[in-house]
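**Student:** Chains as they are written, first to last, in full-length UniProt numbering: chain A, 1 to 148; chain B, 1 to 251. Just passing along the structure, written as structure tokens.
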Amino acid sequence: MNILLELLAAFIIVITFGSIFQAPKKSLWLLGLTGTICWGSFIILEQLTSYNVIIASFISSVIVGICSELFARIMKMPVTIFVIAGIIPLVPGVPAYNTMLFILQGEYIKGLEKGINTLMIAGAIAFAIAIVGAGARYHKEFQKKINS
Amino acid sequence: MITPKQILNIAAYAGDIILSNGGEIYRTEDTMNRICYAYGIKYVDSLVTPTGIFISIDDGDGSSETIVKRIHKRRINLTKISQVNNFSRNLQKKVLSYQAAMAELRAINEGKPKTKLKFGLLFISFGVSMNVILMRANYINIIPTILASLGAQIVIKKMGFLGDINFIPEIVAGFIGGFISLFCYKHGLGDNLGIITVSAILPFVPGVALTNSIRDAISGDLISATSRGIEATLIAISLAVGAAISLGVLY
């Protein structure tokens, strides 16, 4: 029950971001689907990796990237529409807030620890997008070579 | 008969729309080149940075044309990017006359006027408050999140000319979001201040800048990648500073 509610929440939040960034109206349902897949894979990976958020974020970002590439090809729309909104549920907001709070309270060591954690999660998401993007480019070149 | 100068105008206008609505560098260059090739130009070269477009064409018998376009305003509207993308793809199948092409691009650029402003903000606040469920906090936190997010967004909308200065809207949004969250928390509404604040300022996270920065980096546009990466970092820091000010004032 809880998991279903979380999936629904992910669906709504990603559609919301689609409308903030004014994504095309036709793409909104697939956007929501991307968000649901993203959060579903995150829940499963969290269990598998015994709550290692960094690895879970990395792999679910890879999944988001692959979904986005597929959906973008189906809908004939830019890939960024799907990627930008799809990674929103994974954004490390709470660690970033804690970093700020600890530094504000003068506990620099704890703040640094949280800050590194935040940067690791953000970096994991970034690298996942980069890897999928590079893979898509490779795929494109590969197809060109086959066709010619 | 269309002249090279007119072709260049069409291409530069299309590039302008894509770049000023949050497209990647690769997509801008690719679209402009595709439009020029569709009109039968042999040699096209373009250099695009986040703040300007340089494009030059050569029709193969000695005459060349160049255009420079400066981009001042940058907003985010993915619909327009998608429409220009489709426009350039359709152009390859059937070329349009200069007037028709410019009219179509102008229609894309002006777009439809937005009407549902008040309802939209409420919808965005509600959607953003779903982050509370994702963070597995107590569901009572949804109410202060909606209030804080709505307050921050209304203030940003009503800010006027201050909203055009970079990073000021983010600091203000962080401050207002943090302030309302803290106010609700102090009066017993909600039990997790961190999650309320983070969810309230979630609409302002630099998602587009971050994604574009990475995608530019992998396609080799290093100038744009570094500048957009710095933009994303500064926006995140501005939000944190805004929230920190509100905590420092009231805590």
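Ideal Cβ positions, reconstructed from N, Cα and C, are used throughout, including at glycine. The structure displayed is predicted, hence computed values, not measured ones.
According to DSSP, simplified to helix, strand and coil, what is E65(B)?
**Tutor:** strand
**Student:** According to DSSP, is G23(B) helix, strand or coil?
**Tutor:** coil
**Student:** So, does the CB of E6(A) fall closer than 8 Å to a CB anywhere in chain B?
**Tutor:** yes
**Student:** Using a C-beta to C-beta distance shorter than 7 Å, which residues of chain A count as neighbours of M135(B)?
**Tutor:** By Cβ distance, chain A contributes V94.
**Student:** Pull up the DSSP beta-bridge partners for I53(B), would you.
**Tutor:** V48(B), K69(B)
**Student:** Taking just the CA atoms, how far does I168(B) sit from I180(B)?
**Tutor:** 18 Å
**Student:** Tell me whether A103(B) is buried or exposed, calling it buried when 16 or more other Cβ atoms sit within 10 Å of its Cβ.
**Tutor:** exposed
**Student:** Residues of chain B with a CB under 9 Å from the CB of S19(A): which are they?
**Tutor:** G120, F123, I124, G127
**Student:** Taking all protein chains shown into account, do 16 or more other C-beta atoms lie within 10 angstroms of the C-beta of N52(A), making it buried, or fewer, making it exposed?
**Tutor:** With a 10 Å radius around the Cβ and a threshold of 16 neighbouring Cβ atoms, N52(A) comes out exposed.
**Student:** Tell me, to the nearest whole angstrom, how far the beta carbon of K114(A) is from that of P89(A); I am working on the premise that it is less than 8 Å.
**Tutor:** That belief does not hold up - the Cβ atoms of K114(A) and P89(A) are roughly 20 Å apart, past 8 Å.
**Student:** DSSP puts D30(B) in a beta bridge; with which residues?
**Tutor:** Its beta-bridge partners do not exist; DSSP assigns none.
**Student:** Buried or exposed for I81(B), going by 16 or more other Cβ atoms inside 10 Å?
**Tutor:** buried
**Student:** Going by C-alpha to C-alpha distance, which of L8(B), Q83(B), S213(B) sits closest to N109(B)?
**Tutor:** The candidate whose alpha carbon is nearest that of N109(B) is Q83(B).
**Student:** Of all Cβ atoms in chain A, is any one closer than 8 Å to the Cβ of P169(B)?
**Tutor:** no
**Student:** Give me the residue from V44(B), L96(B), A148(B) with the minimum Cα distance to S63(B).
**Tutor:** V44(B)
**Student:** With DSSP run on the structure shown, which of helix, strand or coil describes residue 265(B)?
**Tutor:** Nothing can be reported for residue 265(B): it is not among the residues displayed for chain B, which extend from 1 to 251.
**Student:** Is the Cβ-Cβ distance between I129(A) and V208(B) less than 8 Å?
**Tutor:** No, Cβ-Cβ distance for I129(A) and V208(B) is not below 8 Å.
**Student:** Whole angstroms are fine: how far does the CA of F175(B) sit from the CA of I143(B)?
**Tutor:** 19 Å
**Student:** Taking one C-beta from the segment 225-237 of chain B and one from the segment 141-155 of chain B each time, how about it: are there three or more such pairs within less than 8 Å?
**Tutor:** no
**Student:** Of the residues I223(B), I171(B), T211(B), R34(B), which one's Cα is nearest the Cα of F21(A)?
**Tutor:** T211(B)
**Student:** So which residues of chain A does P50(B) contact, with C-beta pairs closer than 9 Å?
**Tutor:** Near P50(B) there are no residues of chain A at all, since even the closest Cβ is about 15 Å away, more than 9 Å.
**Student:** Would you verify that the beta carbon of T34(A) is, or is not, closer than 8 Å to some beta carbon of chain B?
**Tutor:** no
**Student:** Compare the C-alpha of M1(B) against each of A217(B), D221(B), V172(B), V95(B) and name the closest.
**Tutor:** V95(B)
**Student:** With a Cβ-Cβ cutoff of 8 Å, do E6(A) and I133(B) count as a contact?
**Tutor:** yes
**Student:** May I ask you to list, following chain order, the residues of the segment 229-241 of chain B that have a beta carbon less than 8 Å from some beta carbon of chain A?
**Tutor:** A236, A240
**Student:** Thinking A23(A) and L78(B) are a contact (beta carbons under 8 Å), I'd like their distance in whole angstroms, please.
**Tutor:** 5 Å
**Student:** Let me confirm a value: W29(A) is counted as buried when at least 16 other C-beta atoms fall within 10 Å, else exposed. Which label applies?
**Tutor:** exposed
**Student:** Locate the alpha helix (DSSP H) running through I129(A), then write down its first and last residues.
**Tutor:** 108-147
**Student:** Could you check where the alpha helix (DSSP H) with residue 220(A) kicks off and where it finishes?
**Tutor:** Any answer about residue 220(A) is impossible in this case: the structure gives chain A only from 1 up to 148.
**Student:** Nearest CA to the CA of L234(B): which residue from N192(B), Y185(B), G194(B), N166(B)?
**Tutor:** N166(B)
**Student:** Output, in chain order, the set of chain A residues within a Cβ distance shorter than 7 Å of P203(B).
**Tutor:** By Cβ distance, chain A contributes I20.
**Student:** Can you find a heavy atom of the ligand FMN that lies under 7 Å from the Cβ of P50(B)?
**Tutor:** The ligand FMN is not among the ligands present in this structure, which contains no ligands whatsoever.
**Student:** Would DSSP call Y43(B) helix, strand or coil?
**Tutor:** strand
**Student:** Of all Cβ atoms in chain B, is any one closer than 8 Å to the Cβ of W29(A)?
**Tutor:** no
**Student:** List the residues of chain D that A217(B) touches, going by C-beta distances under 8 Å, in chain order.
**Tutor:** No chain D appears in this structure, whose protein chains are A and B.
**Student:** Could you work out which residue in G15(B), V241(B), A240(B), T66(B) is closest to P50(B) when comparing CA atoms only?
**Tutor:** G15(B)
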